[in-house]
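A.B. asks: Residue numbers (this note's numbering), protein chains in the order written: chain A, 1 to 325; chain B, 1001 to 1322.
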Amino acid sequence: MADILLEGRDLKKYYPITKGLLQRTVGWVRAVDGISFTIERGKTLSLVGESGAGKTTTAKAVLLQEKPTSGTILFEGEDLSHFSSHRLKTEYRPRLGSVQQNPWSSMNPRMKVRDVVAEPLVVNIKQTKQQLRSRVAELLEEVGLDPEQSENYPHEFSGGQRQRIAVARAMALNPSLVVLDEPVSALDVSIRAQIMNLLKDLQEQHNLSYLVIAHNLATVRYMSHTVAIMYLGQIVEYGEAEQLFKNPLHPYTKALISASMLTLPEDEEKGVEKIILTGEMPSPMNPPSGCRFHTRCDEARPKCSQEEPLLRDVGGGHLVACNKV
Amino acid sequence: MSKVLLQVEDLRSYFFTRKGVVKAVDGVSFHVNEGETFGLIGESACGKTVTALSIIRLLPEPAGQVVDGKIILDGVNLLELDKKEMRHYRGRVISMILQDPMTSLNPVYTVGDQIAEAVKLYQGLRDEKVTEEVISALRLLKIPSPEVVMRNYPFQLSGGMRQRVVGAIAMSCHPRLLIADEPTTALDATIQAQYIALFKDIQEKTNVSILFITHDFGVVANMCHRVAVMYAGRILETATTREIFKDPKHPYTSALMQSVPRLDQKGGRLYSITGQPPSLRGLPAGCRFAPRCPVVKPVCLEQEPPEVKIGEGHFVSCWRVK
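#1: 8 Å is my cut-off, CB to CB: does E78 (chain A) come that close to chain E?
#2: Do you know offhand how far Q194 (chain A)'s Cα is from S1259 (chain B)'s?
#3: Using a Cβ-Cβ distance cut-off of 8 Å, determine whether M196 (chain A) contacts chain B.
#4: Just verifying my parser: in three-state terms, what is the DSSP assignment at L47 (chain A)?
#5: Output the boundary residues of the alpha helix (DSSP H) element that contains S1104 (chain B).
#6: Use the C-beta contact count for K1239 (chain B): other C-beta atoms within 10 angstroms, 16 or more gives buried, fewer gives exposed.
#7: If contacts are defined as beta-carbon pairs under 8 Å, then L1177 (chain B) and L1283 (chain B) qualify, I think. What distance do you get, rounded to the angstrom?
#8: Go through the segment 172 to 224 of chain A residue by residue and report every complete run of the beta strand (DSSP E) that reaches 3 residues or more, in order.
#9: Taking the alpha-carbon positions, what's the G289 (chain A) to G34 (chain A) distance?
#10: Can you tell me which of the three DSSP states D1068 (chain B) falls into?
#11: R1269 (chain B) touches chain A at which residues, Cβ-Cβ below 8 Å?
#12: For the alpha helix (DSSP H) that F245 (chain A) lies in, which residues bound it at each end?
#13: Where DSSP assigns a beta bridge to M230 (chain A), which residues make up the other side?
#14: Measure the beta-carbon distance from I1169 (chain B) to Q1123 (chain B) and round it to whole angstroms, keeping in mind my assumption that it falls under 8 Å.
#15: For the alpha helix (DSSP H) containing I35 (chain A), list its first residue and its last residue.
#16: Mapping DSSP to helix, strand and coil, what is Q1007 (chain B)?
#17: Interface residues of chain A around F1245 (chain B) at Cβ under 7 Å?
#18: In chain A, what lies closer than 7 Å to R1012 (chain B) by C-beta?
#19: At a Cβ threshold of 8 Å, is L1177 (chain B) touching chain A?
#20: Check whether chain A comes within 8 Å of E1043 (chain B), counting only Cβ atoms and requiring the distance to be less than that.
#21: DSSP three-state call for R133 (chain A): helix, strand or coil?
#22: For the beta strand (DSSP E) containing T295 (chain A), list its first residue and its last residue.
#23: Is K67 (chain A) helix, strand or coil when you go by DSSP?
#24: With a 10 Å radius around its C-beta and 16 neighbouring C-beta atoms as the bar for buried, classify E268 (chain A) as buried or exposed.
#25: Compare the Cα-Cα distances from S329 (chain A) to each of A:G27, A:E91, A:Q100, A:S150 and report the closest residue.
#26: Please state the DSSP three-state secondary structure of V143 (chain A).
#27: What's the call for I1191 (chain B), buried or exposed, on a 16-neighbour Cβ count within 10 Å?
#28: Answer with yes or no whether the minimum CB distance from G1091 (chain B) to chain A is below 8 Å.
#29: Residues of chain A with a CB under 9 Å from the CB of G1160 (chain B): which are they?
#30: Where do the ends of the alpha helix (DSSP H) carrying A1116 (chain B) lie?
#31: In its own chain, which residues sit with a C-beta less than 7 Å from the C-beta of V1321 (chain B), not counting the 5 before and 5 after it?
#32: Starting from E1307 (chain B), trace the beta strand (DSSP E) in both directions and tell me its first and last residue.
#33: Does chain A have any CB closer than 8 Å to the CB of Q1156 (chain B)?
#34: Any chance the segment 1221 to 1233 of chain B sits against the segment 278 to 288 of chain A, with 3 or more Cβ pairs inside 8 Å?
#35: When you check each C-beta in the segment 204 to 222 of chain A against every C-beta of chain B, which residues fall closer than 7 Å?
#36: Which stretch, first to last residue, makes up the alpha helix (DSSP H) that contains A59 (chain A)?
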């Protein structure tokens, strides 16, 4: 039996569209529309999709930055909606960490690195200055920075180093789950590998769970154990990473993989062609009927515009939502 | 043998700041053939964009200056032209696409007006002729229902469409050289694939030469015929795309390639290059990559390696390569 840390069940997040003086609700943006997922202890779940797919909204729901419209989040088997605000503050939030995409905007430029990293500790734990200082030094060392630099300000560091500082801050309270929102996409290629390796090492040492949000499939394949491919607020394919990348079943997953694949000139001569999707992602205010992907799918059949495909298990925990599969 | 359109020789562009001279581009040479896509790949601050701005002569003067070198386009050294003559080249002969369409389009003019501005200025057309040209530029970029889109404002369009509009402005006056500075970086993966396919198609139709600036080897593989790898203001290796993937010779090229996770390979531990690129204010003596190089030799720390030809169109600057 898998050791499940966090589970999302049928999560929905709708944002109202209001109009006029009375702010009447005239419609809904269905940012996340009924998704379920599980994050195992010590493992990584990645949410993949293009902008507007609902990845970040899902992560915000997990971080309690957004209250889901409906659906439940279970943490170690307990429904978060049954937690009192005091319990959330003392038993849930400290066990989460978060790393944002852009290390230039995620830190207060007027705080010293020491204070940036210490902030979660100061807020949550009563301790002496001496204890605080040694914990910060320990954290900085763990992410590969020199503790001597803790008196410096964020602007004195490079992008990769700042992302290390952000990781140190996320690790400060010994969390069980860290939400990584595009952790490497703002970094240079040669620095990305350093940060990804660091994250993997930390995961092994501390048995951490990661919820990764990414749009780069190669990064995802490297980082994750389980992958959820999202399109317009829904999960279209879900499964164990290796299996999903070896045997993608949903036409959208296939197109994404094809778009991210390295095609060399000789591949092109061999006749390897990229799948190029037509059109763009429709608006989540007014999603297409039936399968949401049918407007861009080259395998679409008449049935697809009417019938909404459900996520079905095709074996070994590999779930696909497609009428053809 | 195809004809050379653009020849850059020993280009040096420096920034003179209060804290000292920043040697952003420090001796760069390459050429772009007619109808060819030439990739310039490197990490941030390696001098890719400054090279591009030097060619189109839009460096932020007076701080940024081309201090040495030649930029020969079709037999004319662009660096010897005065401002007025250069204006004749910009738009008509050379045009440029920037990374972020949200900042390169004016939010208060319609898309059609913005394309028309270039058409009027550079082709001297009027009235219906302008509209015709605008629509044909939008068609070239495969924008659906151009008659409608030309009346839209940038905020009404998606990111991919906006970047196509920027492309339409750049292509509206039928340039011979298009400089594309990371045009796909801000786009989603499937839209990126669309955009690249589109530009391959446009190149076939118009035979435009493209100088493609990117940090993504995937884009290079897909789009470019030849490629140069830049590091700290210099080109370390130039080769055909095929050659550079099959047989990268410079340690930086191969390290960079190994540090990118591949979709078709299982995740193990990634190779990572230690340290960071040097500051352009105080460059190390000898080879610029030496402080981070896994196979560094004593000579690398003392003398800058010369560029060596090791095959047809394959040049490397490294003491290990003979």
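A virtual CB, placed ideally from N, CA and C, is assigned to each residue, including glycine.
C.D. replies: This is what the structure gives:
#1: Although the question refers to chain E, the structure presented lacks it and instead comprises the protein chains A and B.
#2: Start at 1 with the first residue of the first sequence, and residue 194 (chain A) comes out as number 194. Start at 1 with the first residue of the second sequence, and residue 1259 (chain B) comes out as number 259. Approximately 9 Å, taken between the alpha carbons.
#3: Within the first sequence, numbered from 1, the residue matching residue 196 (chain A) stands at position 196. Output row for M196 (chain A): interface = yes.
#4: Looking up residue 47 (chain A) in the first sequence gives position 47. Strand at L47 (chain A).
#5: Position 104 of the second sequence, counted from the start, is the residue given in the question as residue 1104 (chain B). Taken as a continuous stretch (DSSP letters only), the alpha helix (DSSP H) holding S1104 (chain B) covers 1101 to 1104.
#6: Here residue 1239 (chain B) is taken as the residue at index 239 of the second sequence, counted from 1. What sits at residue 1239 (chain B) in the sequence shown is Ala, not Lys. Counting of Cβ neighbours within 10 angstroms places A1239 (chain B) among the buried residues, the total reaching 16 or more.
#7: Along the second sequence, read from residue 1 onward, the residue named residue 1177 (chain B) stands at position 177. Along the second sequence, read from residue 1 onward, the residue named residue 1283 (chain B) stands at position 283. At roughly 30 Å, the Cβ-Cβ gap does not stay under 8 Å, so L1177 (chain B) and L1283 (chain B) are not in contact.
#8: 177 to 181, 209 to 214
#9: Against the first sequence, residue 289 (chain A) aligns to sequence position 289. Against the first sequence, residue 34 (chain A) aligns to sequence position 34. Residue identity check: residue 289 (chain A) is Ser in the sequence provided, not Gly. Rounded to the nearest angstrom, the two C-alpha atoms are 16 Å apart.
#10: Here residue 1068 (chain B) refers to the residue found at position 68 of the second sequence. It is a strand residue.
#11: By one-based count along the second sequence, residue 1269 (chain B) stands at place 269. Result: N197, K200.
#12: Taking the first sequence and counting its residues from 1, one reaches residue 245 (chain A) at position 245. 241 to 246 is the extent of the alpha helix (DSSP H) around F245 (chain A).
#13: Taking the first residue of the first sequence as position 1, residue 230 (chain A) is located at position 230. Looking at the DSSP assignment, M230 (chain A) forms a beta bridge with A:I235.
#14: Counted from its first residue, the second sequence places residue 1169 (chain B) at position 169. Counted from its first residue, the second sequence places residue 1123 (chain B) at position 123. I1169 (chain B) to Q1123 (chain B), Cβ: 13 Å. No contact.
#15: Numbered from its first residue, the first sequence carries residue 35 (chain A) at position 35. Looking at the DSSP string, I35 (chain A) is not in any alpha helix (DSSP H); the run it does join, the beta strand (DSSP E), is 24 to 40.
#16: The residue you call residue 1007 (chain B) lines up with position 7 of the second sequence. Strand.
#17: Sequence index remark: in the second sequence, residue 1245 (chain B) carries index 245 (1-based). Under the 7 Å cutoff, chain A gives L264.
#18: For the purposes of this step, residue 1012 (chain B) is identified with residue 12 of the second sequence, where counting begins at 1. Ordered by position in chain A, no residue passes the 7 Å Cβ test against R1012 (chain B), which lies about 24 Å from the chain.
#19: The sequence position of residue 1177 (chain B) within the second sequence is 177, counting from 1. No, no contact with chain A.
#20: Reading the second sequence from its first residue, position 43 is the one you call residue 1043 (chain B). E1043 (chain B) counts as touching chain A.
#21: Against the first sequence, residue 133 (chain A) aligns to sequence position 133. In this structure, R133 (chain A) counts as helix in the three-state DSSP scheme.
#22: Position 295 of the first sequence, counting from 1, holds the residue named residue 295 (chain A). Unbroken run through T295 (chain A): none, as it is neither H nor E.
#23: Within the first sequence, the letter at position 67 stands for residue 67 (chain A). Reduced to three states, the DSSP call for K67 (chain A) is coil.
#24: Stepping through the first sequence from its first residue, residue 268 (chain A) is reached at position 268. Label assigned to E268 (chain A): exposed.
#25: The structure shown does not extend to residue 329 (chain A), since chain A is modelled only from 1 through 325, so no value can be given for it.
#26: Reading the first sequence from its first residue, position 143 is the one you call residue 143 (chain A). In the three-state reduction of the DSSP assignment, V143 (chain A) falls in the coil class.
#27: Walking along the second sequence from the start, residue 1191 (chain B) turns up at place 191. Burial call: buried.
#28: In the second sequence, the residue the question calls residue 1091 (chain B) occupies position 91. With 8 Å as the cut-off, G1091 (chain B) does not count as an interface residue toward chain A.
#29: Position 160 of the second sequence holds residue 1160 (chain B). Chain A residues near G1160 (chain B): E280.
#30: Stepping through the second sequence from its first residue, residue 1116 (chain B) is reached at position 116. 1111 to 1123 is the extent of the alpha helix (DSSP H) around A1116 (chain B).
#31: Here the question's residue 1321 (chain B) lines up with position 321 in the second sequence. Cβ neighbours of V1321 (chain B) beyond the five flanking positions: K1249, V1308, I1310.
#32: Counting from 1 along the second sequence, the entry for residue 1307 (chain B) is found at position 307. Taken as a continuous stretch (DSSP letters only), the beta strand (DSSP E) holding E1307 (chain B) covers 1307 to 1311.
#33: Looking up residue 1156 (chain B) in the second sequence gives position 156. No - not a single Cβ of chain A is within 8 Å of the one on Q1156 (chain B).
#34: no
#35: H215, L217, A218, T219, R221, Y222
#36: Looking up residue 59 (chain A) in the first sequence gives position 59. It spans 55 to 62 - the alpha helix (DSSP H) in which A59 (chain A) sits, taken as one unbroken run.
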